[in-house]
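Enquirer:
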Amino acid sequence: MDIAGLQKNTLLDYPGKIACTVFLAGCNLRCPFCHNPALVLPNRIAPPAMTQGELLSFLGKRRGLLEGVCVTGGEPTLYRDLPRLLEAVTALGYPVKLDTNGSNPQMLRELLSGGLLSYVAMDIKNAPESYRETCGGADVLEKVRESVEILRNAGIDYEFRTTVVKPLHTAEGMKAIGQWLSGAKAYFIQNFRDTGDLVGQGLSSFSEEELKQLLSAVQPYLPNARISPSMQNEKQEIHTVFRCFPFFCLTKNLSLPALADFIRASRKRSEENVSGDQAGRQDRGF
Ligand code: SF4
0 MDIAGLQKNT LLDYPGKIAC TVFLAGCNLR CPFCHNPALV LPNRIAPPAM
50 TQGELLSFLG KRRGLLEGVC VTGGEPTLYR DLPRLLEAVT ALGYPVKLDT
100 NGSNPQMLRE LLSGGLLSYV AMDIKNAPES YRETCGGADV LEKVRESVEI
150 LRNAGIDYEF RTTVVKPLHT AEGMKAIGQW LSGAKAYFIQ NFRDTGDLVG
200 QGLSSFSEEE LKQLLSAVQP YLPNARISPS MQNEKQEIHT VFRCFPFFCL
250 TKNLSLPALA DFIRASRKRS EENVSGDQAG RQDRGF
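Going by numbering that gives the first Met the number 0, the first residue of the sequence shown is number 0, and it counts up by one from there.
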């Protein structure tokens, strides 16, 4: 298993928890808007940043400080030994949140039946008719449909989410997503962000007004759909964290300005963790 990086603290990745995020390299899709080519393109993937033993040792030391572990990618479900890693993580007492593109329903079922997941965030790349184009040509729609139904019936917390980007997403397409996912527990739209290092080219983000129009297209079917909090303006985000984690802010003696610095530093570390060139990766982790 290629553990490509570890973000030691995050207040934003695991809803309601102070968590760490583990990045696993490798992905079966090639979404043109993907801003993690260093975790996706084989010629960009560097040797592992740490072993499973080192990761588990870190988690052992952080018991009582961290409240959960996010496992993200790339696409974590590509690893046959993922259940074994998550068994070891849950044995340490951590609930696990999985980020997935939904293309491996068999692994999703295995992890859920083993009681190894407490939260799943799953990508919905686009409306069915545009799915293949939006994931770079991969034919995964039927697998994703299967994963959607598994999550609907899993009895755990989950969210679906769509990264929207011009010219791939339209109001008509968003309406079709809404009809598909109707009744889902949670659905988020997040705006594309051009980091300058993407898997594809020729893409741009939506304006705030356009984003609201896309949201309006899904809300008749998904009334609880929201624009992702991580894409709201920074001021809102900081107030959200301050409200959701008063005990954390109190114990760390974080005023609002200090919290703003903490969040910016955390985000910067996260971006560095997943932008990784070889040298950068050697700095990650411990
Ligand atoms: S956006 Fe996610 S699913 Fe798509 S290529 Fe990147 S890591 Fe893979």
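For each residue, glycine too, the CB sits at the ideal point set by N, CA and C.
None of the values given here were measured: they were computed from a predicted structure.
Is it the case that the Cβ atoms of leucine 5 and cysteine 26 are separated by a distance below 8 Å?
Expert: For the purposes of this step, residue 5 is taken as the residue at position 6 of the sequence shown. For the purposes of this step, residue 26 is taken as the residue at position 27 of the sequence shown. No; because the gap between Cβ atoms is not below 8 Å, this pair is not in contact.
Enquirer: From methionine 230 to glutamate 86, what distance separates their C-alpha atoms?
Expert: Translated into positions along the sequence shown, residue 230 becomes position 231. Translated into positions along the sequence shown, residue 86 becomes position 87. Because methionine 230 carries a pLDDT of 47, less than 50, the predicted location of this residue cannot be relied on, and no value is offered for it.
Enquirer: Please state the DSSP three-state secondary structure of alanine 3.
Expert: Indexing the sequence shown from 1 puts residue 3 at position 4. Correct three-state label for alanine 3: strand.
Enquirer: Take lysine 7 as the anchor and find which of Thr133, Leu54, Gly72, Glu171 has the nearest alpha-carbon.
Expert: Locating residue 7 in the sequence shown gives position 8, where the first residue counts as 1. The option with the nearest alpha carbon to lysine 7 is Leu54.
Enquirer: Just checking my contact of alanine 3 with phenylalanine 22 at CB under 8 Å: how many whole Å lie between their CB atoms?
Expert: Translated into the one-based positions of the sequence shown, residue 3 becomes position 4. Translated into the one-based positions of the sequence shown, residue 22 becomes position 23. With a Cβ gap of about 5 Å, alanine 3 and phenylalanine 22 count as contacting.
Enquirer: Would you verify that the beta carbon of threonine 89 is, or is not, closer than 8 Å to some beta carbon of chain C?
Expert: Here there is only one protein chain, and chain C is not present.
Enquirer: Taking only the alpha-carbon atoms, compute the straight-line gap between asparagine 152 and arginine 160 and give it to the nearest angstrom.
Expert: Residue 152 sits at position 153 when you count from the first residue of the sequence shown. Residue 160 sits at position 161 when you count from the first residue of the sequence shown. Each residue's alpha carbon lies about 18 Å from the other.
Enquirer: Determine which residues share a DSSP beta bridge with cysteine 69 and list them.
Expert: Position 70 of the sequence shown, counted from the start, is the residue given in the question as residue 69. Answer is Thr20, Lys96, bridged to cysteine 69.
Enquirer: Report all residues from its chain with a CB closer than 7 Å to the CB of serine 129; omit the five preceding and five following residues, and keep chain order.
Expert: On the sequence shown, residue 129 is found 130 positions in, with the first residue counted as 1. These residues qualify, in order along the chain: Leu167, Gly172.
Enquirer: What residues are listed by DSSP as bridge partners for valine 163?
Expert: Numbered from its first residue, the sequence shown carries residue 163 at position 164. In DSSP, valine 163 forms a bridge with Asn190.
Enquirer: How about isoleucine 149 and arginine 108: do their beta carbons lie closer than 8 Å?
Expert: Within the sequence shown, residue 149 is the residue found at index 150, counting from 1. Within the sequence shown, residue 108 is the residue found at index 109, counting from 1. Their beta carbons are under 8 Å apart, which means isoleucine 149 touches arginine 108 by this criterion.
Enquirer: Within the present structure, is the beta-carbon of glycine 73 separated from the nearest heavy atom of the ligand SF4 by less than 7 Å?
Expert: Start at 1 with the first residue of the sequence shown, and residue 73 comes out as number 74. It does: the Cβ of glycine 73 is within 7 Å (strictly closer) of some heavy atom of the ligand SF4.
Enquirer: With a cut-off of 8 Å on the beta carbons, I'd call arginine 131 and alanine 137 a contact; round off their distance for me.
Expert: Counted from its first residue, the sequence shown places residue 131 at position 132. Counted from its first residue, the sequence shown places residue 137 at position 138. Rounded, the Cβ-Cβ distance is 7 Å, consistent with contact.
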